[in-house]
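For the sequence shown, the working numbering gives the first residue as 1, with consecutive numbering after it. Worksheet for the structure shown next.
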Amino acid sequence: MLELKNIKKSYKTGNFTQHALKGVSIKFRKSEFVAILGASGSGKTTLLNIIGGLDRYDSGDLLINDKSTKKFKATEWDAYRNNCIGFIFQSYNLIGHISVLQNVEMALTLSGYKKKVRKQKALEALEKVGLADHAHKKPNQLSGGQMQRVAIARALVNDPDIILADEPTGALDSKTSVQIMDLIQEIAKDKLVIMVTHNPSLADTYASRIIEVKDGEIVHDSNPIVDQKETGGKVHIKKTVLSYFSALNLSFNNIKTKKGRTFLTAFAASIGIIGIALILSLSNGFQIEIDNFEQESLSQMPITISEQAMQLDEETLTEQMDQITNSEAKYPDEKVVKPMTSALNTMVHTNVITQDYVDYIKKLDPNILGGVSYQKATALNLITQATDGTYQKIDTGSTQLDMWQIFPSSVNDNEVGIVENNYDVLAGEINSDQPGLILQIDASNGVNSTILENLGFSTNEDISFDDIMNKEFKVALNDDYYQQVGNYYIPNNNLESVYNAQNSMTIKITAIIRGKEDKVLLTNGSSVYYTSSLVENIIEQNKNSAIVEQQQQTDYNIMTGEAFSEDLTKETWLAYLGVDSVPVAIYLYPKDFDSKDEIVAYLDAYNENKSSEDQVLYTDMAEMMSTLSGGIMDAITVVLIAFSSISLVVSSIMIAIITYISVLERTKEIGILRALGARGKDITRVFNAETLIIGLCSGLLGLGIAYLLTFPANAVIENLSGLPNVAKLNPIHALILLLISVTLTVLSGFIPAKMASKKDPVVALRTE
Ligand code: ADP
Ligand code: MG
1 MLELKNIKKS YKTGNFTQHA LKGVSIKFRK SEFVAILGAS GSGKTTLLNI
51 IGGLDRYDSG DLLINDKSTK KFKATEWDAY RNNCIGFIFQ SYNLIGHISV
101 LQNVEMALTL SGYKKKVRKQ KALEALEKVG LADHAHKKPN QLSGGQMQRV
151 AIARALVNDP DIILADEPTG ALDSKTSVQI MDLIQEIAKD KLVIMVTHNP
201 SLADTYASRI IEVKDGEIVH DSNPIVDQKE TGGKVHIKKT VLSYFSALNL
251 SFNNIKTKKG RTFLTAFAAS IGIIGIALIL SLSNGFQIEI DNFEQESLSQ
301 MPITISEQAM QLDEETLTEQ MDQITNSEAK YPDEKVVKPM TSALNTMVHT
351 NVITQDYVDY IKKLDPNILG GVSYQKATAL NLITQATDGT YQKIDTGSTQ
401 LDMWQIFPSS VNDNEVGIVE NNYDVLAGEI NSDQPGLILQ IDASNGVNST
451 ILENLGFSTN EDISFDDIMN KEFKVALNDD YYQQVGNYYI PNNNLESVYN
501 AQNSMTIKIT AIIRGKEDKV LLTNGSSVYY TSSLVENIIE QNKNSAIVEQ
551 QQQTDYNIMT GEAFSEDLTK ETWLAYLGVD SVPVAIYLYP KDFDSKDEIV
601 AYLDAYNENK SSEDQVLYTD MAEMMSTLSG GIMDAITVVL IAFSSISLVV
651 SSIMIAIITY ISVLERTKEI GILRALGARG KDITRVFNAE TLIIGLCSGL
701 LGLGIAYLLT FPANAVIENL SGLPNVAKLN PIHALILLLI SVTLTVLSGF
751 IPAKMASKKD PVVALRTE
């Protein structure tokens, strides 16, 4: 069943070629005890390795079951070693980090036996060699003789047809040697045992056939096969498979023997993960904070429709960028001046708010609109008496910031409106139907001194709510306020008489309000509002005033004498003087964050199929701010993650090195596994399993540490910004990071693992 035909094998070291086997031909019987005798260096081990399929012959042929092995594939050799051959080595070659039992089980593990069967067979084999009691010890807890028994048990466990023993007693004392030899002889009964030894007396005592080797050639065979009938019997070969789980188990046991190093490796590898996890949890947390802030506060910002709107669409922005970056047109040599349209002009869209549009807005679903305010162009002739007794006109719109507005009124009377949602009313009450003023104070009850002085209060000391509420203001009618001088009208300088005029309307501050604590944007400013009825009232009374009637009949500005222009049309001016008109601006207060989108969609719908100049564009500050903040957040996150990724790269390289070192360390183990029939693939699997474990450890460790670090990080952030519990690790991020960690480590260990699988088993076994 096994026949060597003129086998030659030589080793090249540098220029020197060592002919280890110089044409060896032997036939073996199915069951015999062959001793191969020869001096050291005569080629015995080489011969044995070639018979065992561990090494390849250069020329000649090895016939298994009368079949040539010249065209054997690597996997066929692996299967042959696993099923047909049991190796016993001089140096035992047990795997140190797994138990005796697991060592014996290994050949079965490699052939894919179930755990239960494996254990039972391994225990039986250990029983045979008298070591059943020592099954759970580690090999280094045994004596040399015991270790060799384990090796014999391992060689037997798969019930192979051939046992190959390479000087099995070479490292043992003579008494133990005898015991081992007895054992080998016993198992040799129905098997082919080929034992290499340089001890002739051992060979004489135990072997049924002695073959002497000298310088790579057979010099004597005590019992050669002459009768062809004697070569009967077949060996049976089936494929071997090391399951992933067994590979994991093997590596896990290996890793257990170097806990410290594995921990440090995993820790170092986890630093990148820690960094990224922290950044993600921070940016995630901040994004949540920002979203909350937006929901709480930005939704309180109205969508504004005024005379002008910024046009921030892509087209205009690209145009802008082109203008800025177009270097060709820059620094020309021509001696000319070029008329240019200002960059801003193209970005600003002029809205013409028509009655049509106002009607359209009025049809907005009151369920999504919390409040609305229509700003009129009408000037109010507001006069107050200062603390020193003098009279002054209240400036209601000198600067954009202080411009007085009509206080938004709730759209749906039955529902909690904009006031209740956003403001605490500290004094008085808000009633849109009552002509009056509303004073909004800031979070610390502060009001801009300019506003207070403008209203006629003393700013030397705090002013009580009562004093505020009791103060009277007069709204003068046009007929009292404007005096005709010739063809023109001018304001009356005698404010005292205007103040005291019979028709002047007395109003008060009807409410003092303050933004609710969680409405951040509302709590940091002070301002004055009109109630809408005050404006309606005044428009009603002024629409037939002399100045208005006169102006309606005149084609130039009745106060300045100037002609009207595009910048100041007659209509605008009349609206200013008190003629009712369409609003100059509309502020829409969404009911909540979600309804804003609906409102915006409604406004967009109006512009559909309209020419550019007929379109009415709105400004959504909240959207602008959130887009901006979101964009900045994303950019910062990406940059920080990029930096942290560097440590991931570093740790990947480190894992590759560590795996490489592990491959070097486990070279012997690789050799043993190969001798037991492991395929190259299986070896790769073992090391991939190792990196998988490290990757998992480092990922989990990193996430754990990152999670722990969020606590101090949150403490610091709370200290700095007052925001509690910002850093939050999103579980999905955690899962992805774990996957990245495992994938990266497995990938970086892949090349060393591949190298391991390529190792020559013979060379691997020779290493110590
Ligand atoms: P033995 O087992 O009889 O002592 P070996 O079969 O181990 O002898 O070696 C036979 C010869 O081949 C020796 O001279 C040895 O130096 C040489 N040899 C064996 N293996 C290698 C190798 N991997 N590389 C180079 N020379 C080798
Ligand atoms: Mg040898």
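Beta carbons: idealized from backbone N, C-alpha and C, even for Gly. Just so it is clear, the structure is predicted and the values come from calculations on it, not from any experiment.
- Put simply, the segment 268 to 283 touches the segment 634 to 650. At least three CB pairs are less than 8 Å apart.
- Leaving aside the five residues that flank Leu765 on each side, the residues in its chain whose CB is nearer than 6 Å to its CB run, in chain order, Gly671.
- Taking one beta carbon from each stretch, the segment 34 to 41 and the segment 210 to 228 have 3 or more pairs nearer than 8 Å; the two touch.
- The segment 109 to 120 and the segment 137 to 153 do not touch, with fewer than three beta-carbon pairs separated by less than 8 Å.
- Ser270 places its beta carbon less than 8 Å from that of Ile705.
- Taking 7 Å as the cut-off, one finds no heavy atom of the ligand ADP near enough to the beta carbon of Thr17.
- When the Cα atoms are used, Leu172 and Met106 turn out to be separated by approximately 24 Å.
- Per DSSP, reduced to three states, the secondary structure at Arg766 is helical.
- The alpha carbon of Asp442 has as its nearest neighbour, out of Asn537, Val241, Gln228, Asp424, the alpha carbon of Asp424.
- Taken atom to atom, the span from the alpha-carbon of Lys128 to that of Glu76 is near 30 Å.
- In the structure shown, the three-state DSSP call for His220 is strand.
- Runs of the beta strand (DSSP E) lying entirely within the segment 299 to 377, each at least 3 residues long, are 303 to 305, 308 to 310, 348 to 350, 369 to 375 in chain order.
- Here Ser68 is near Asp61, since their CB atoms are less than 8 Å apart.
- In the structure shown, Tyr481 falls within a helical segment according to DSSP collapsed to helix, strand and coil.
- With three or more CB-CB distances shorter than 8 Å, the segment 234 to 250 counts as touching the segment 95 to 113.
- By the beta-carbon neighbour count (other beta carbons within 10 angstroms, threshold 16), Phe711 is exposed.
- When the beta-carbon positions are compared, Asn65 and Lys256 stay at least 8 Å from each other.
- Around the CB of His97, 16 or more other CB atoms lie within 10 Å, so the residue is classed as buried.
- In this structure, the straight-line span from the alpha carbon of Phe89 to that of Gly170 is close to 9 Å.
- When only Cα atoms are considered, Ile599 and Gly436 end up about 30 Å apart.
- Taking C-beta atoms as the reference points, Asp166 and Lys191 fail to come closer than 8 Å.
- Annotated as distal: His733 and Asn292, with beta-carbon spacing of 8 Å or more.
- When only Cα atoms are considered, Ala188 and Glu32 end up about 7 Å apart.
- Uninterrupted beta strand (DSSP E) stretches at least 3 residues long and entirely within the segment 388 to 471 occur at 391 to 393, 423 to 428, 437 to 441, given in chain order.
- Not one heavy atom of the ligand ADP sits closer than 7 Å to the Cβ of Ala165.
- The residue among Ala379, Glu517, Lys519 with its C-alpha nearest the C-alpha of Asn478 is Ala379.
- It is roughly 25 Å from the alpha-carbon of Gln502 to the alpha-carbon of Leu574.
- Under DSSP, Leu21 shares a beta bridge with Lys9.
- Here the alpha carbon of Phe245 sits roughly 12 Å from the alpha carbon of Tyr113.
- Note on Val196: 16 or more other CB atoms within 10 angstroms of its CB, so buried under the neighbour-count rule.
- In this structure, DSSP gives Val104 a helical state, which the three-state scheme calls helix.
- Within a 10 Å sphere around the beta-carbon of Phe16 sit fewer than 16 other beta-carbons, which makes this residue exposed.
- In the DSSP assignment, Ser111 forms no beta bridge with any residue.
- A straight-line Cα-Cα distance of about 9 Å links Gly272 and Phe643.
- Only exposed fits Asn719, as fewer than 16 other CB atoms lie within 10 angstroms of its CB.
- With fewer than 16 other Cβ atoms from the protein chains shown falling within 10 Å of its own Cβ, Asp462 counts as exposed.
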